[in-house]
Every structure is written in C-alpha cells, then in structure tokens.
Amino acid sequence: MENERETLLFVCSDSDAGVRLDVCISNHSKLSRSGAQRLCDEFCVSVNGEAQPKKYPVKCGDEIEVLLPEPKPLEAEPENILLDIVYEDGDLIVVNKPKGMVVHPAEGNYNGTLVNALLYHCKGSLSGINGVIRPGIVHRIDKNTSGLLVCAKNDAAHISLAEQIKAHSMGRCYEAIVRGGFADVKGTVNAPIARHPTDRKRMAVVPSGKEAITHYEVIKQFKGFSYIRLRLETGRTHQIRVHMKSIGHPLLGDTLYGGGGTQFEEKHSSLLCEQTLHARTLEFVHPRTGEKMSFDSPLPEYFEKLLTILENVQ
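Per the numbering used here, numbering of the sequence shown is gapless, rising by one per residue and ending at 314.
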C-alpha cells in the first residue's frame, strides 16, 4: 500500500498579500521556489479549494493547501573530497570547513558535504548517534560560514562532546564583519530564537523561542562597519546572524538577515558570498584523555581582503 503523502495547509497573512503563489509556498515551507512551481504545475496546490497558476498573487485570508512530494530516502555516501584537517586521533577529528560547504546531506544538497568527505576519510569510523545522514556531527555551522568543527569517531566521544555543548563548557568563538559602529565595545544579546512565523527559511527573535545568548566584543571599527569577535553561550540555528540583526548590526553580505544592500557590498560583491562569518577558535575537553584542547583557524583570504579594503575606506 502506498504511503499517504503529507499535506501542508496554511492561511495567508497581510505580509503575504500580492506575493506570487510559488514564492508564498516557498516562504511557508522548506521547498525551493522551483519545487513549489513544480507542484503548482502538477496541480498539487489549491487556493481556497481551487487550483491556481504559480503566478497567482495571493490575498490575505487565502487558504493554501499543498500536497507535498514523498520524501526521498537519504543515505550519505563516501566521497573523495579534500579536507583541511587541523587535528585527528582515534576519537575525534577537527576540521576547518571552507565557506560554501554544507555540513550534512539534506534536500537540495545530497552530495559534496562535509559528511560525504568524512565518510571517505574516516572509512566509516564515525559516531552513529545522529543516524546515517549526520554521522559524527556534534555541532554545525552554516554553509557560508567557514571555520572549525569537531566531529566524533565513536558514540562515547559524541556523547562527551554533546554534553560539553549542553553545559556551555565548549568554547566557540567567531569573528565577523557587521554593519554600523558600536557605542559600547562589549555587549551581550540574550534573546530567544525560533523559526520565523511567516518565512520558514529564516529564524527570528521570538518570545516563545529557545534561550539564546551571544557575547560580542569589538575588535576594530571602520567607516560604516565593525570587525567583531563573538562567543556563543548557546548554539541555536543562525544564532549570530539573528542576534546581530536584532540589534541593528546585520553581517556584511548576509542578504537573508538584512545585509548586502550597501554601496560597499555592491562594489565588492565578488568577494562576498553571503555572511562574513568565521568560526575562529574551538576549545573542549578531550573525551578520552581529559586534556583541554584548543584550536585556532586563520581568517580566510576573502575575509582578510575585506578588512584591508575597509582599512583604506575614507
């Protein structure tokens, strides 16, 4: 017997009014715009009980029902992808993830991920706690964030590292370039984060969200921008990006959270690929030896070039 396909049902709000149907569906789901268009073309979408074309401009109060495609079974496969390995032993591996690499397979990114590379390099010797799609993955950073990640080679190491994250004892420091200047050189953003109420691709500060705490310190200020260091106390999805946007300092190039629209960003677009954010340092206690481990990752070339350019902006 064929499995029943999942249905997405939502009512359009004022913020949706006038938006194309395919765009609206993408905003309210994990579907890409092309995926939403395909469902419209296949008559898997109804508006107030009737089929509408993908270009249909939705109205406030429209009830939209989407028959979602059947999920594809995912299983990560080993791929011979070069890794920048900072440290490795029988229990864990610390890697410097490049900007543009996705951490684990998901819809739209089945190959070329860090997990695919780890499976090949570690010959399958990775913790299995997170299943076949995220073996070894203890924590994540976004696709267009570069920097340090520690991955577990066995379940005991995974449990120890995960407990350190939960207890806020794993040190994770980032560096970023953000819009605007700061009156105070140090500060803390303590604001809960959850999925954005209308745009499912974004996170937002939401009163009912999960606790999220980010500490920041200004390293240097330039004309219109600041170079800052950030320390995570919690690890919510897009935490730094959401918190910086919430206090009026979106990250340089981060079009999803309010960056990317200045003349400087347009002029230097060739150096930018979304947020200018780098996971600079990582500290934790080794799961087996109890030794305190500390790692540092130099800023990527594009980041250094942007800092040099900002130094000379008058």
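We treat Cβ as the ideally placed atom computed from N, Cα and C, and that holds for glycine.
Beta-carbon proximity list for residue i, same chain, < 7 Å, skipping 5 on both sides
{"i": "ASN111", "result": "GLU79"}
{"i": "ILE247", "result": "VAL189"}
{"i": "SER160", "result": "PRO287"}
{"i": "ASN48", "result": "ASP62, GLU63"}
Sequence-distant residues of its chain with Cβ nearer than 6 Å to residue i (five each side left out)
{"i": "GLN221", "result": "GLY181"}
{"i": "ASP16", "result": "CYS24, VAL58"}
{"i": "MET170", "result": "GLN164, PHE284"}
{"i": "ALA204", "result": "HIS196"}
{"i": "THR113", "result": "VAL102, HIS104, PRO105"}
Proximity of residue i and residue j at Cβ, strictly below 8 Å
{"i": "LYS153", "j": "ASP91", "result": "yes"}
{"i": "LEU252", "j": "THR276", "result": "yes"}
{"i": "THR7", "j": "LEU82", "result": "no"}
{"i": "ILE398", "j": "VAL103", "result": "Since the first and last residues shown for the chain are 1 and 314, residue 398 lies out of range."}
{"i": "CYS273", "j": "ASN190", "result": "no"}
{"i": "PHE295", "j": "HIS278", "result": "no"}
{"i": "LYS315", "j": "GLY235", "result": "Absent from the structure is residue 315, since the part of the chain shown begins at 1 and ends at 314."}
{"i": "LYS97", "j": "GLY147", "result": "yes"}
{"i": "ILE323", "j": "CYS122", "result": "With the chain represented from 1 up to 314, any question about residue 323 goes unanswered, as that position is not in the structure."}
{"i": "ARG241", "j": "CYS173", "result": "no"}
{"i": "HIS238", "j": "VAL178", "result": "no"}
{"i": "PRO287", "j": "ALA156", "result": "yes"}
{"i": "HIS268", "j": "LEU306", "result": "yes"}
{"i": "TYR216", "j": "GLY187", "result": "yes"}
{"i": "VAL11", "j": "LEU39", "result": "no"}
{"i": "VAL45", "j": "ALA76", "result": "no"}
Helix, strand or coil at residue i [DSSP, three-state]
{"i": "ASP155", "result": "helix"}
{"i": "MET203", "result": "strand"}
{"i": "ALA183", "result": "coil"}
{"i": "ILE213", "result": "strand"}
{"i": "GLN221", "result": "strand"}
{"i": "LEU92", "result": "strand"}
{"i": "TYR87", "result": "strand"}
{"i": "LYS166", "result": "helix"}
{"i": "ALA117", "result": "helix"}
{"i": "LYS305", "result": "helix"}
{"i": "LEU310", "result": "helix"}
{"i": "SER146", "result": "strand"}
{"i": "LEU126", "result": "coil"}
{"i": "LEU299", "result": "coil"}
{"i": "LEU68", "result": "coil"}
Nonlocal neighbours in the same chain, by C-beta distance under 8 Å from residue i, ignoring five residues either side
{"i": "VAL43", "result": "Going by the sequence as given, residue 43 is Phe instead of Val. ALA51."}
{"i": "PRO192", "result": "VAL205, VAL206, PRO207, SER208, GLY209, LYS210, GLU211, ALA212"}
Handout entry: Any 3 or more C-beta pairs closer than 8 Å across the stretch 52-71 and the stretch 8-23
Key = yes
Handout entry: Within the stretch 7-61, ranges of the beta strand (DSSP E) (whole runs, at least 3 residues)
Key = 7-11, 45-47
Exercise for the section: Spell out a yes or no on whether the stretch 218-233 and the stretch 139-157 are touching, meaning 3 or more CB-CB pairs, one atom from each, closer than 8 Å. Expected result: no
Practice task
Would you check if the stretch 122-139 and the stretch 193-211 touch, i.e. whether three or more CB-CB distances between them fall below 8 Å?
Solution key: no
Practice task
Could I get the ranges of all uninterrupted alpha helix (DSSP H) runs contained in the stretch 215-296, with 4 residues as the minimum, in chain order?
Solution key: 239-246, 263-267
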